[in-house]
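Since the structure comes first, as structure tokens, the remarks are kept for the end.
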Amino acid sequence: MTHYKAPLRDMEFVLNDLLDFPSHYAAMPNGADATPETVTAILEEAGKFAENVLAPLNAVGDSEGCQWNDGKVTTPSGFKEAYAQYVDGGWPALSHDPAYGGQGLPHSLSTVMSELINTANWAWGMYPGLSHGAMNTLSEHGTEEQKQTYLTKLISGQWTGTMCLTEPHCGTDLGMLRTKAEPQADGTYRISGTKIFISAGDHDMAENIVHIVLARLPDAPAGTKGISLFIVPKFRVRADGSCGEANHVSCGSLEHKMGIHGNATCVLNFDGAEGFLIGPENRGLNCMFTFMNSARIGTALQGLAHAEWGFQHSLAYARERLQMRSLSGPKNPDGPADPIIVHADVRRMLMTQKVFAEGHRMLLYFTAKLLDITHHGSEEERKRAEGRLALLTPIAKAFMTETGFESANLGLQCFGGHGYIREWGMEQNVRDSRISTIYEGTTGIQALDLLGRKVLGSQGALLKDFLEEAGAEVQALAGNPAVAQWVPLVGKLAMELGEMTKQIGAKAMANPDEVGAASVDYLMYSGYVVQAYLWLKAAAVAAEKADADESGFYKAKLASANFYFSKILPRTRALKTTIEAGAEPLFALDESAFAYL
Amino acid sequence: MKILVAVKRVLDYNVKARVKADKSGVDLSNVKMSMNPFDEIAVEEALRISEAGKADEVVAVSLGVSQAQETLRTAMAMGADRGILVESDAELQPLAVAKLLKHVIEKEQPDLVLLGKQAIDDDSNQTGQMLAALMDWPQATFASKVEVGEGKAQVTREIDGGLETIEVTLPAVITTDLRLNEPRYAKLPNIMKAKKKPLDVIPVADTGVDVTPRLEVLEVNEPQARSAGIKVSSVDELVDKLKNEAKVI
Numbered sequence: 001m002t003h004y005k006a007p008l009r010d011m012e013f014v015l016n017d018l019l020d021f022p023s024h025y026a027a028m029p030n031g032a033d034a035t036p037e038t039v040t041a042i043l044e045e046a047g048k049f050a051e052n053v054l055a056p057l058n059a060v061g062d063s064e065g066c067q068w069n070d071g072k073v074t075t076p077s078g079f080k081e082a083y084a085q086y087v088d089g090g091w092p093a094l095s096h097d098p099a100y101g102g103q104g105l106p107h108s109l110s111t112v113m114s115e116l117i118n119t120a121n122w123a124w125g126m127y128p129g130l131s132h133g134a135m136n137t138l139s140e141h142g143t144e145e146q147k148q149t150y151l152t153k154l155i156s157g158q159w160t161g162t163m164c165l166t167e168p169h170c171g172t173d174l175g176m177l178r179t180k181a182e183p184q185a186d187g188t189y190r191i192s193g194t195k196i197f198i199s200a201g202d203h204d205m206a207e208n209i210v211h212i213v214l215a216r217l218p219d220a221p222a223g224t225k226g227i228s229l230f231i232v233p234k235f236r237v238r239a240d241g242s243c244g245e246a247n248h249v250s251c252g253s254l255e256h257k258m259g260i261h262g263n264a265t266c267v268l269n270f271d272g273a274e275g276f277l278i279g280p281e282n283r284g285l286n287c288m289f290t291f292m293n294s295a296r297i298g299t300a301l302q303g304l305a306h307a308e309w310g311f312q313h314s315l316a317y318a319r320e321r322l323q324m325r326s327l328s329g330p331k332n333p334d335g336p337a338d339p340i341i342v343h344a345d346v347r348r349m350l351m352t353q354k355v356f357a358e359g360h361r362m363l364l365y366f367t368a369k370l371l372d373i374t375h376h377g378s379e380e381e382r383k384r385a386e387g388r389l390a391l392l393t394p395i396a397k398a399f400m401t402e403t404g405f406e407s408a409n410l411g412l413q414c415f416g417g418h419g420y421i422r423e424w425g426m427e428q429n430v431r432d433s434r435i436s437t438i439y440e441g442t443t444g445i446q447a448l449d450l451l452g453r454k455v456l457g458s459q460g461a462l463l464k465d466f467l468e469e470a471g472a473e474v475q476a477l478a479g480n481p482a483v484a485q486w487v488p489l490v491g492k493l494a495m496e497l498g499e500m501t502k503q504i505g506a507k508a509m510a511n512p513d514e515v516g517a518a519s520v521d522y523l524m525y526s527g528y529v530v531q532a533y534l535w536l537k538a539a540a541v542a543a544e545k546a547d548a549d550e551s552g553f554y555k556a557k558l559a560s561a562n563f564y565f566s567k568i569l570p571r572t573r574a575l576k577t578t579i580e581a582g583a584e585p586l587f588a589l590d591e592s593a594f595a596y597l
Numbered sequence: 598m599k600i601l602v603a604v605k606r607v608l609d610y611n612v613k614a615r616v617k618a619d620k621s622g623v624d625l626s627n628v629k630m631s632m633n634p635f636d637e638i639a640v641e642e643a644l645r646i647s648e649a650g651k652a653d654e655v656v657a658v659s660l661g662v663s664q665a666q667e668t669l670r671t672a673m674a675m676g677a678d679r680g681i682l683v684e685s686d687a688e689l690q691p692l693a694v695a696k697l698l699k700h701v702i703e704k705e706q707p708d709l710v711l712l713g714k715q716a717i718d719d720d721s722n723q724t725g726q727m728l729a730a731l732m733d734w735p736q737a738t739f740a741s742k743v744e745v746g747e748g749k750a751q752v753t754r755e756i757d758g759g760l761e762t763i764e765v766t767l768p769a770v771i772t773t774d775l776r777l778n779e780p781r782y783a784k785l786p787n788i789m790k791a792k793k794k795p796l797d798v799i800p801v802a803d804t805g806v807d808v809t810p811r812l813e814v815l816e817v818n819e820p821q822a823r824s825a826g827i828k829v830s831s832v833d834e835l836v837d838k839l840k841n842e843a844k845v846i
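Sequences listed follow chains E and D, in order.
As numbered in my numbering, residues 1 to 597 make up the first sequence, in order.
As numbered in my numbering, residues 598 to 846 make up the second sequence, in order.
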């Protein structure tokens with residue numbers, strides 16, 4: 001069976017040819033070290049680790065899963081050793097503050113690097129991934145003492161972190177959460193309550209785990225305005241920084257899940273555990289929102305990961321599997337049949353996965369670059385990037401994971417019956433990818449965030465700004481013969497998006513349910529248009545370089561763009577129709593009439 | 598003790614080599630290049646000797662085009678202390694490489710020189726041997742185990758039909774075989790440090806070495822595609838074909 005290969009050539013295309021990361025890094029205060037040569041060296045080395053260490057553990061993680069035994073959680077064979085190697089390689093430190101042991105490289109480079117880690121083995125990648133969430137919280141809101149105590153150990157990778165939000169009765173609606181924090185005379189807090197669905201919540205890979213917990217103070221106002229943030233270590237930390245006695249936080253059980261079996265999804269019981277307030281009282285959710293964009297982009301990555309993984313494996317299979325003859329005459333006359341890649345429908349499935357994997361890579365790096373600018377740009381640049389990111393984050397998260405799941409499914413389909421058999425790994429890819437449209441805000445929630453909060457909430461301003469800027473770039477390509485044929489189409493769709501937005505806004509004045517009714521289709525429509533904008537730019541760059549390049553890479557890129565515009569982008573036609581059909585068909589049925597059973 | 602390791606920039610082992618249209622050689626434009634895997638083993642061995650406290654400096658040397666600096670950075674990211682590139686745009690054949698290495702050795706005075714037994718691009722398997730002859734040093738080729746002692750090294754060599762252990766006095770040339778070790782992954786902090794380690798570039802003209810090719814490449818071709826086999830109906834037919842078609846008996 002083939003193994004995952006780091007797609008370094010395409011990554012370099014997006015970084016260097018399409019998005020000009022070299023100039024972006026050169027202009028960043030912490031970008032001087034991120035020269036193209038260093039970026040290549042880092043990605044090559046991380047790629048080797050992903051290919052040789054993590055990819056072979058992907059199936060092991062799925063078949064063994066994590067084990068709970070008397071409160072102790074054990075990760076699948078090899079996970080712990082791989083983590084030790086990851087820590088020894090210094091990888092957790094990549095984009096964190098040098099004052100606490102980090103390498104200080106740009107955040108976007110961490111995103112790009114984690115594409116490799118997470119595609120090779122999503123369930124494994126979640127352990128270091130969750131640590132990043134805890135590290136971001138600490139570096140932004142922690143006190144100096146908290147940073148010295150916890151952040152340094154998380155950056156070195158000696159400890160890992162979690163984010164404890166969800167409770168049995170509240171997931172999306174965090175205002176309902178009940179976990180209590182009682183102030184103690186010594187300034188600490190006693191944390192009591194139950195958290196569920198805690199990824200990487202307990203394991204045997206690191207000596208301590210730093211939980212970032214949302215809880216309520218005794219006098220806190222009800223709802224989201226009464227939530228505070230606490231640090232709760234699994235083991236209490238002694239004055240010298242070493243791990244002391246166990247804190248009162250325990251893993252009650254592991255969730256039995258559909259996929260990502262290699263990651264421990266825990267029920268965590270806090271029974272008067274010692275906790276430390278981080279950030280101001282009752283401002284916990286606001287503190288968390290500082291990272292919402294980066295957390296959601298981290299999940300958007302999962303759409304890319306499963307599309308790329310499925311594509312690579314189904315491509316290898318389609319080249320080898322001999323079944324039937326090509327309808328246009330044998331392509332492998334000496335063999336008993338042709339490889340299935342000759343068949344039109346198999347090509348449809350492969351090309352769809354390919355353009356989503358490549359398109360998601362473009363969108364992911366595009367948003368990662370914006371995220372850099374929100375941290376390091378000038379006042380004006382920051383504001384602009386924040387606006388773009390506010391708009392693009394829900395699109396990236398929901399669109400990439402929905403189509404990532406679609407791609408994983410197509411990857412399985414290429415294998416026919418064998419795709420349904422475990423040992424090929426394709427059904428694992430489908431199961432693992434399924435969670436991505438749910439956690440970190442479901443597709444429905446992302447769609448409401450996009451249409452309700454971001455687009456209509458800004459009176460259309462965020463969308464208008466983006467469409468104007470992207471529209472100007474698109475129009476500038478009208479004279480480029482290689483891509484001119486697609487420019488009017490993309491321009492038309494952008495205009496149509498603006499018009500539909502106005503229509504929904506008008507309808508919503510009379511009936512607020514119109515927003516929810518349109519939202520997911522609206523988000524998907526926006527996703528196809530945003531990727532069309534990126535594909536257009538990619539095609540323009542590729543056309544320029546295609547003739548001088550004997551490897552054929554740029555010509556292949558043009559063929560992919562052609563497929564995207566001809567076979568994927570027309571999906572917007574159906575979406576437009578369903579958006580315009582509005583809320584009426586959803587609410588025509590009385591709740592009591594839904595079924596006659 | 599100082600160790601010199603020679604590293605060559607070659608077509609990456611994962612890349613499918615393509616012959617240029619004019620059959621003058623393998624097409625290297627726009628393809629991934631990386632360190633010759635046998636040389637990676639040589640770097641690893643030098644680092645292990647150094648980490649065991651038996652050497653205090655590991656110097657990586659490469660010979661060739663300017664981009665070979667990336668290969669040297671890779672060696673330094675693994676842990677080599679500094680790098681030297683003898684820069685030349687011209688094709689360098691094994692004899693020229695050996696002479697250039699001799700030039701570097703005379704300047705650097707290492708106690709041990711490690712090289713891969715061959716490079717995966719031309720598979721010459723000559724440079725180490727030629728270098729030892731030019732230096733008049735002992736050589737231990739195809740090493741699968743190296744133990745450095747006081748002024749000497751014990752080397753287990755992979756030979757036809759088994760292993761041979763020999764002892765060489767230092768300075769010596771050792772070429773490394775596949776089973777000697779498994780090269781490490783470079784660590785992120787070392788990748789960053791590698792950028793700042795010294796890397797000297799010496800133009801080939803400054804060495805005074807004559808690098809004119811001694812071998813002439815007439816033509817490079819792809820290996821012939823394997824043709825389908827045939828079934829013979831009798832032993833007689835087989836013998837006939839072996840005699841008259843294959844002409845092997």
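Yeah, the Cβ is synthetic: ideal placement off N, Cα and C, and Gly gets one too.
Is residue i helix, strand or coil by DSSP?
| i | result |
| --- | --- |
| SER741/D | strand |
| VAL455/E | helix |
| ASP803/D | helix |
| PHE291/E | coil |
| VAL845/D | coil |
| ASN52/E | helix |
| ILE717/D | coil |
| HIS211/E | strand |
| PRO36/E | helix |
| VAL814/D | coil |
| ARG823/D | coil |
| ARG615/D | coil |
| SER781/D | The question names Ser, yet the displayed sequence has Arg at residue 781/D. Correct three-state label for ARG781/D: coil. |
What's the gap between the Cα of residue i and the Cα of residue j?
| i | j | result |
| --- | --- | --- |
| GLU641/D | PRO56/E | 24 Å |
| LYS599/D | PRO707/D | 5 Å |
| PRO786/D | MET113/E | 15 Å |
| THR367/E | PHE594/E | 41 Å |
| TRP486/E | GLY479/E | 11 Å |
| GLU648/D | GLY359/E | 45 Å |
| GLY161/E | THR152/E | 12 Å |
| LEU868/D | VAL249/E | No information on residue 868/D is available, as it lies outside the stretch 598 to 846 that chain D covers here. |
| LEU760/D | ARG754/D | 6 Å |
| VAL655/D | ALA46/E | 24 Å |
| VAL851/D | GLU255/E | Nothing in the structure corresponds to residue 851/D, since chain D is present only between 598 and 846. |
| VAL658/D | ILE799/D | 11 Å |
Cα-Cα, which of the options is closest to residue i?
| i | options | result |
| --- | --- | --- |
| SER302/E | VAL520/E, THR179/E and THR403/E | As written in the sequence, residue 302/E is Gln, which differs from the Ser given in the question. Closest option to GLN302/E, Cα to Cα, is THR403/E. |
| LYS464/E | VAL355/E, LEU392/E, LYS195/E and GLY516/E | LEU392/E |
| GLY275/E | ALA215/E, LYS48/E and ARG348/E | ALA215/E |
| ARG236/E | ILE260/E, LEU54/E, ALA337/E and ALA273/E | ALA273/E |
| ALA510/E | ARG382/E, TYR189/E, GLU12/E and ALA583/E | ALA583/E |
State whether the stretch 264–281 of chain E contacts the stretch 140–149 of chain E, with contact taken as three or more CB pairs (one from each stretch) at a distance under 8 Å. yes
Using 8 Å as the Cβ pair cut-off and three pairs as the minimum, do the stretch 562–578 of chain E and the stretch 668–681 of chain D touch? no
Report the residue ranges of all alpha helix (DSSP H) runs contained in full by the stretch 393–442 of chain E; include only those spanning at least 4 residues, in chain order. 426–434
With a threshold of 8 Å, are at least 3 pairs of Cβ atoms found where one atom belongs to the stretch 312–321 of chain E and the other to the stretch 525–536 of chain E? no
Just checking, does the stretch 169–187 of chain E make contact with the stretch 231–246 of chain E on the three C-beta pairs under 8 Å criterion? no
With a floor of 4 residues, list each alpha helix (DSSP H) that falls wholly inside the stretch 245–302 of chain E, ordered by position along the chain. 284–289
At least three beta-carbon pairs within less than 8 Å, the stretch 627–639 of chain D to the stretch 660–672 of chain D: yes
Is it true that the stretch 289–309 of chain E meets the stretch 421–437 of chain E, where meeting means three or more beta-carbon pairs spaced less than 8 Å apart? yes
Identify every run of the alpha helix (DSSP H) within the stretch 630–706 of chain D, keeping only runs that are complete inside it and at least 4 residues long; order them along the chain. 634–648, 665–675 and 691–705
Counting Cβ pairs closer than 8 Å, one from the stretch 397–417 of chain E and one from the stretch 304–316 of chain E, do we hit at least three? yes
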